[in-house]
Structures are given as C-alpha cells and as structure tokens.
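Report on the following structure.
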Amino acid sequence: MPSAGLAPRRIVQLSALFAMFALFAAQLVGALLPNVPVFVAASAAGLALDTYLQHRQPGLLSLLGKVRFDVTVRQLLRDMLIVVGLLRIDGINPLREQAPLTIALLCVYLLHFACQAVAVLVRRTRTLPIVTRNIDASALQLTAAPPRILARRASHRLLVFSIPATAGLLITAGTTAAYWGGIGLGISIALMLLGTLHLATWLLPKKRAKSEQKVMEWLDEWLADYQPTVAMYFSGGTSSAYQANMWLSTLAQLDAKPLIVLRERFMVQKIDATDVPIICFPKVATMFSLENSTLKMMLHPANSGKTSQVLRIPTIKHAFINHGESDKLSSCNPYAKAYDEVWVAGPAARERYALAEVGVEDKDIVEVGRPQLAPIRPYAGPPTGEYTTVLYAPTWEGWDGNPGNTSVVLAGENIVRQLLADDGVRLLYKPHPMTGSVDPRAGAANERIMAMIREANAKRSGDRPGPEAAAELARRTVELDKLTSTAFRDSADEMERMLLQGAPQGDRDAAIAKATSAWETAYWSSFPEWEHQIITDARPAIFACFNQADLLISDVSSVVSDWLSSEKPYAVANTSGMPEAAFRAGFPTVRAATILAPDADGIPSLLESVRAPEKDRFTEARTELKQHLLGPSDPPSLVRFDEAARTLCAKADERRDRMATRLAAEIPSPRGAADAEDFETDANGAEDSVNGAEDSVNA
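The opening position of the sequence shown corresponds to residue 5 in this note's numbering, with each subsequent residue numbered one higher.
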C-alpha cells in the first residue's frame with residue numbers, strides 16, 4: 005500500500021528529471037547547430053523548470069546534490085551553453101560584444117559566492133551557544149533575521165537573481181543586439197551587489213549578538229535571578245518529543261522553580277506550549293553552567309546517549325520518571341540504575357524492577373503515581389446511547405522485532421473487521437505515531453486498516469451536524485493555535501524565535517487548558533455519533549479519546565496502565581504466541597483484561613460484556629489492578645510527586661552541606677591562618693631574643 009501511495013510522486017520526480025536532461029540536451033543541440041528558437045526555448049524552459057523544482061520537489065534536488073549536480077553546477081552549465089550559443093550565432097562580435105558579456109556573467113558568479121561567504125558569517129554570528137524559550141533574552145541584542153533568500157537559500161538566490169541575466173542574453177541571442185544582454189547582466193549584478201551589502205549589515209555591531217562569553221555570563225545572571233530548583237532534562241529525536249510533552253503539566257504544577265533542559269536545537273520548537281522556561285545546551289561545556297546554579301534535581305522522562313553527560317554534575321540529584329509504564333522490558337531498563345532515584349506509579353513497577361534484577365535497588369524506588377492522568381474521567385456505567393464507542397490504540401513495533409509488541413501486523417485487521425461488523429459500534433482508531441517506522445509490514449497493515457474504516461464510513465449514513473459545528477471547531481482551533489504556537493515568518497531563524505518567544509505574559513497554561521477543553525468539545529460535536537474516526541494528529545490527545553470511549557483495545561503498553569485509571573473495560577491483543585495463562589502471568593497489566601487472540605473472535609462477547617455490566621467478570625479486578633499499577637488515590641498523585649521532589653531536593657541540599665563542611669575542614673580557615681602567623685611571629689621573636697642575649701654575652 006505505501007508503495008502505491010509513493011508511485012505518483014516517483015513518477016513526477018522521474019518525469020522532471022527526464023525533462024531536465026532533455027532540456028540540457030536541446031540547449032546543447034540548439035547552441036551547436038545553431039538553431040536560435042530551440043536554443044532560446046530550451047534555455048528559458050530549463051531555468052523555469054529548475055526554479056519550479058526548488059519549490060515543488062526539494063527531495064529530488066537533494067538527491068541531485070548528493071551526486072554533485074547541484075543548482076550551482078546546473079546553472080553554470082546552462083550559462084556556459086548560452087555563451088557557446090552566442091559564439092555560434094552570426095551577427096554577434098566575439099571580441100567587441102561577447103567578451104564584455106562573458107566578463108559581466110563571471111561577475112555575477114563572483115558576487116554570488118561573495119554573498120554566500122557573507123551569509124556563512126552572518127549565520128555563525130547568529131548561532132548562539134544556547135537557545136531559550138519563555139525567557140526574556142532581549143539583553144542579548146537579539147534582532148530579526150535577514151531575508152531567507154540572502155542568508156539561507158543560496159540556490160534560490162542564484163536562480164532568481166540570474167533571471168534578468170539569462171533573459172537579457174537570450175534576447176541578445178534572438179535579436180543579435182548585445183545591449184539587451186548588458187542590461188540583463190547589469191540588473192543581476194546590481195541585485196547580487198545590493199543583496200550582499202544588505203546582508204553584510206547584519207555583521208555590524210548594532211545587529212550582532214553578544215559573544216559566547218557574554219551570553220554565558222548573561223545566563224549565569226539569569227539563573228541566579230530565577231533560582232531554579234527542579235528541571236526536566238530531555239534529549240531525543242524528532243519523533244520523541246511526546247515523551248517530554250506528557251510531563252509538562254506536572255512540571256508546571258510543582259511547588260518549585262521549574263526549568264526544562266534540552267540538548268538538541270530543533271527540540272526547542274517540538275516542546276508543546278508551556279510557561280516553564282526552556283534552555284537548550286547543544287554543547288556539554290555550556291551545560292555545566294547548571295553546576296553552579298541553584299538547581300537541585302533533574303527529572304528524566306527518557307534515556308539517551310547524552311543523559312550520561314548531565315549525570316556527571318555532582319551537585320544535582322537525578323530521578324528517572326519514564327514516559328509511561330508497561331510490562332515491556334524497556335520499562336525496567338538497566339540504565340535506570342545510573343539515577344539517584346527511580347520514580348514509578350505504583351507497587352507493580354517496584355515488583356517489575358525486583359524481578360528484572362537490573363541493578364536498581366528497592367530503596368531507590370519511589371512511588372508517585374501518574375499525575376498527568378487527572379483529566380481522565382472515571383467509569384460512569386455502560387453505554388446509554390445507540391452506539392458503543394471503542395478505542396483501538398495499538399502501540400508501535402519497537403526496536404527488537406518482537407511480534408508481540410504491536411497487534412497491528414498480526415491482529416489489527418481482524419480486530420477492526422470484527423468491530424466494523426457490529427452496527428452498534430463507533431470505532432476510534434488512534435495508532436502510535438511511530439507505527440511503521442521500523443517494520444514496513446506495520447506501516448502497510450496500518451494503511452489497510454485505515455482503508456477499511458473509510459470504506460465502512462462510506463456505507464453508513466445519518467444526520468450530520470450543521471455547518472455551525474464546523475465553524476465552531478474552526479474558531480476554537482484558531483483560538484487554541486494562537487495560544488499554543490507562534491506564527492513565525494518564513495525568514496525567522498533561531499535567534500528571531502528566541503526574541504519572539506520571550507517571557508510569557510499571564511498564566512498561559514491555564515488559558516491553554518481552558519481552550520483545549522473547548523476545542524475538544526467542538527471537535528467531537530463536529531462529527532456524527534455514527535461515524536468512525538481515524539485520529540493520527542496530535543489533537544485530540546489520547547486522554548481525550550479515553551473520555552469518549554466505552555472500551556479500549558490495545559497492546560501491552562503504557563496506554564493500558566493509563567486507561568486503568570478510569571476503571572473502564574479493556575482488552576489486550578496477544579500476538580506473542582504465548583498461551584493465555586502465560587501471557588497473563590508474564591504481563592501484570594493484562595490481568596484485568598479480556599485477552600484477544602490474533603483472529604479476534606472474542607470481540608462479540610467482549611462488546612456484550614461492555615453493554616451488559618453484569619456479564620463483565622473483570623470489574624473488581626480492574627479496581628484492584630488500578631491501585632496496584634497506579635498506587636492509592638489518596639493523597640493525590642500530584643501531592644505525592646511534589647513531596648518526592650521536595651525530598652530529593654533536600655537530599656541535594658544535604659550533600660552540598662556535607663561537601664562544604666568537608667572542604668572547610670581540608671582548607672584552613674582565615675582565623676586559623678592568622679593564628680599560625682601569630683605563632684610564627686612569636687617564635688621568631690623568641691628566637692631573636694635568644695640571639696640578642698647571645699650577642700650581649702659575646703660582647
């Protein structure tokens with residue numbers, strides 16, 4: 005299925021590539037014959053095609069760049085063929101007319117490379133050692149970015165600024181009047197020269213940011229003023245930001261001075277809207293500014309190669325909080341023993357670490373619950389409407405190739421087919437965002453599942469919400485987008501975004517929560533209750549889907565643990581090949597679940613137990629398992645999380661005090677040094693007295 009979807013794009017790319025080489029060939033033939041109409045048409049069409057591809061097919065041009073046939077080479081080849089064509093056309097004097105035109109063309113290229121050199125210098129001066137968000141960094145002399153075509157798009161600049169020159173030379177080829185080429189080349193030279201001079205103004209002192217030393221001094225001052233105590237540290241790839249985003253609300257609610265510490269520059273814009281200050285330290289050397297700050301502890305939602313770098317800071321305590329808990333081996337990774345403490349939801353995770361024997365001691369495990377589960381509404385009884393809403397939220401295939409990781413490949417289509425066969429079911433399908441990223445079979449199965457759902461929707465009919473529902477959703481979307489994102493212009497670079505994303509005004513977190521709730525209400529109201537939904541965007545979030553669903557079908561993943569906070573019925577697909585008894589024994593989170601085989605034949609009876617609670621034999625088991633997985637409801641999870649943070653901060657303070665005491669004991673105090681100096685003076689005085697007495701006797 006994915007290959008079918010990619011086929012049209014590949015056909016377009018191959019067609020464009022064929023057309024490009026055909027035009028070069030036609031330009032060469034037209035220049036050598038010479039055939040002026042063919043020569044002019046091929047030259048103009050080649051430049052137009054290249055300009056079009058810059059906007060429509062950047063992937064194709066990237067491939068050409070890898071084989072050293074980039075835009076500079078292509079434009080240079082195009083211009084060389086134009087020069088050859090002018091030499092072959094009668095009526096143009098090679099020495100008196102064409103030589104000046106060729107020299108002027110060379111000047112265009114010289115100015116292009118000069119502009120590129122200035123662009124490199126400008127980008128370097130605008131690349132700061134740190135990147136911030138939600139911090140007023142205006143003291144760093146931040147300025148708006150230069151035009152993108154000058155600073156960051158050399159290929160676009162060369163093509164666009166060369167249009168007058170190419171047009172003038174082609175008119176000269178058609179009319180044999182050299183002054184047209186001179187006019188076109190003059191315009192291109194002026195554009196290149198003025199663009200270079202304009203770009204160079206960003207190298208002047210008033211537009212230059214402060215030096216790295218000044219920036220780090222400013223950061224030290226900001227840290228001393230803000231006095232952070234608790235930070236969340238995160239490093240990862242482009243698709244892993246969700247691991248940090250799920251903890252933003254908890255971090256913002258802590259009774260502390262929170263901070264978010266990142267390591268990759270791109271991740272700054274991947275973090276969802278929050279009022280918590282964000283600092284990105286791309287280099288290890290700059291990150292050690294935190295060592296001398298008031299920061300006491302760090303929370304780690306994920307492991308990464310760069311985590312070991314921050315663990316080297318001795319003044320900070322570290323707690324691993326993970327980005328979800330499940331029975332997978334990844335939930336009890338041996339790396340966890342590198343942290344001072346491992347914070348888990350409930351007793352089940354403590355038992356999981358004990359059984360895994362990965363080196364994490366029981367004394368270092370702290371049960372804090374899952375604070376971010378507060379928005380999930382509890383079970384309110386069986387479905388009361390015409391439809392039973394089922395959420396199918398499979399996880400992804402993982403890195404180890406275990407067929408039991410995801411149900412999408414072996415059971416997904418059977419599960420969806422069984423659900424769609426029940427006319428009283430409304431299906432919400434929300435696959436993991438990384439589905440298909442490792443195993444192409446998972447991606448193909450995911451495509452087939454979505455096709456099945458679309459086909460089922462086409463066979464259903466009924467009343468739909470009026471246009472006012474769509475208008476309300478659009479209004480709520482605009483309102484939420486304004487709160488959760490910053491509309492950057494195309495030319496905005498990292499420094500300009502820092503300038504625009506300064507200290508937030510007011511309580512934005514509360515406003516976002518309110519706007520999100522209103523958006524979710526508008527979203528669900530914009531669809532008819534009988535229509536199945538495929539949800540692949542970040543909105544609505546998984547918890548919002550929880551609140552709509554009467555039943556969850558998933559895999560062994562943290563989704564199951566989070567769902568249990570509602571105590572609603574759920575089912576887990578067993579695609580591991582293990583017998584059901586062994587599957588339940590090996591994965592505690594499924595003990596209160598209906599287990600589905602790959603053929604999904606148990607779905608009809610499962611739906612019956614959801615609609616008739618007296619047939620649900622797992623009601624009490626879910627209540628017990630919820631407490632086992634997530635801990636007690638009282639005190640609330642956020643209270644326990646906050647208390648754990650205060651306790652670990654206190655341990656950091658105690659260590660700092662011990663280190664200060666030990667250091668004071670090793671280094672003599674100023675008073676001790678003075679006493680020693682007095683003793684030495686007295687001893688010298690006594691010695692002088694003795695010597696004086698001897699002198700007296702000798703006299």
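Beta carbons: idealized from backbone N, C-alpha and C, even for Gly.
State the Cα-Cα distance for the pair residue i and residue j, rounded to the nearest angstrom.
i      : j      : result
Ser166 : Ser335 : 57 angstroms
Leu17  : Leu57  : The question names Leu, but residue 17 in the sequence shown is Gln. If you take the alpha carbons of Gln17 and Leu57, they lie about 9 angstroms apart.
Leu252 : Val576 : 29 angstroms
Val694 : Ala654 : With a pLDDT of only 35 at Val694, under the threshold of 50, the placement of this residue in the model should not be trusted; the figure read from the coordinates follows. Taking the straight line from one Cα to the other gives about 58 angstroms.
Leu504 : Met291 : 23 angstroms
Ile380 : Glu524 : 13 angstroms
Glu216 : Leu37  : 60 angstroms
Leu712 : Pro150 : The structure shown does not extend to residue 712, since the chain spans only 5 to 703, so no value can be given for it.
Phe550 : Leu395 : 7 angstroms
Ala586 : Leu611 : 24 angstroms
Pro435 : Ala245 : 17 angstroms
Ala352 : Ala474 : 44 angstroms
Glu371 : Asp344 : 14 angstroms
Val288 : Gly199 : 37 angstroms
For a quick check, are the C-beta atoms of residue i and residue j less than 7 angstroms apart?
i      : j      : result
Ala340 : Val348 : no
Pro398 : Asp541 : no
Ala449 : Val412 : yes
Lys321 : Ala596 : no
Ile191 : Cys111 : no
Ser561 : Gly408 : no
Asp276 : Gly506 : no
Leu642 : Ser569 : no
Pro532 : Ala415 : no
Asp279 : Arg512 : yes
Ala143 : Ile419 : no
Lys214 : Thr147 : no
Arg452 : Glu417 : yes
Ser704 : Arg127 : For the chain, the structure presents residues 5 to 703; residue 704 sits outside this window and is missing.
His536 : Leu377 : no
Gly29  : Val42  : Residue identity check: residue 29 is Ala in the sequence provided, not Gly. Taking 7 angstroms as the Cβ cut-off, Ala29 and Val42 do not qualify as a contacting pair.
Leu223 : Ser293 : yes
Thr180 : Ile96  : yes
Around the Cβ of residue i, are there at least 16 other Cβ atoms within 10 angstroms (buried) or fewer (exposed)?
i      : result
Gly389 : exposed
Lys463 : exposed
Thr205 : exposed
Val77  : exposed
Val272 : buried
Phe25  : exposed
Met663 : exposed
Pro305 : buried
Leu189 : buried
Asp54  : buried
Asp566 : buried
Ser330 : buried
Gln422 : buried
Phe238 : buried
Ile134 : buried
Ala678 : Per-residue confidence for Ala678 stands at a pLDDT of 45, beneath the threshold of 50, marking its modelled position as unreliable; the derived number appears in the next sentence. Ala678 should be labelled exposed.
Gly63  : exposed
Ser609 : exposed
Leu600 : buried
Thr490 : exposed
Glu472 : exposed
His632 : buried
Glu295 : exposed
Gln509 : exposed
Val234 : buried
Arg14  : exposed
If contacts are defined as beta-carbon pairs under 8 angstroms, then residue i and residue j qualify, I think. What distance do you get, rounded to the angstrom?
i      : j      : result
Tyr527 : Leu556 : At roughly 19 angstroms, the Cβ-Cβ gap does not stay under 8 angstroms, so Tyr527 and Leu556 are not in contact.
Leu173 : Leu115 : Between Leu115 and Leu173 the Cβ distance is about 17 angstroms, and since that is not below 8 angstroms, they are no contact.
Thr392 : Gly428 : 6 angstroms
Arg161 : Glu498 : Arg161 to Glu498, Cβ: 20 angstroms. No contact.
Asp646 : Leu258 : 6 angstroms
Tyr383 : Lys572 : 5 angstroms
Met456 : Trp400 : Incorrect: roughly 19 angstroms between the Cβ atoms, too far for contact.
Report the residue ranges of all alpha helix (DSSP H) runs contained in full by the stretch 141 to 189; include only those spanning at least 4 residues, in chain order. 152 to 155 and 158 to 179
Quick check for students: name the residue ranges of the beta strand (DSSP E) that lie wholly in the stretch 199 to 286, counting only runs of 3 or more. Within the stretch 199 to 286, the complete beta strand (DSSP E) runs of at least 3 residues are 234 to 238, 262 to 266 and 282 to 284.
In chain order, which alpha helix (DSSP H) runs of at least 4 residues are fully inside the stretch 313 to 395? List check, alpha helix (DSSP H) in window: 351 to 360.
Within the stretch 533 to 586, note down every full alpha helix (DSSP H) run reaching 4 residues or more, in order along the chain. 546 to 552 and 562 to 567
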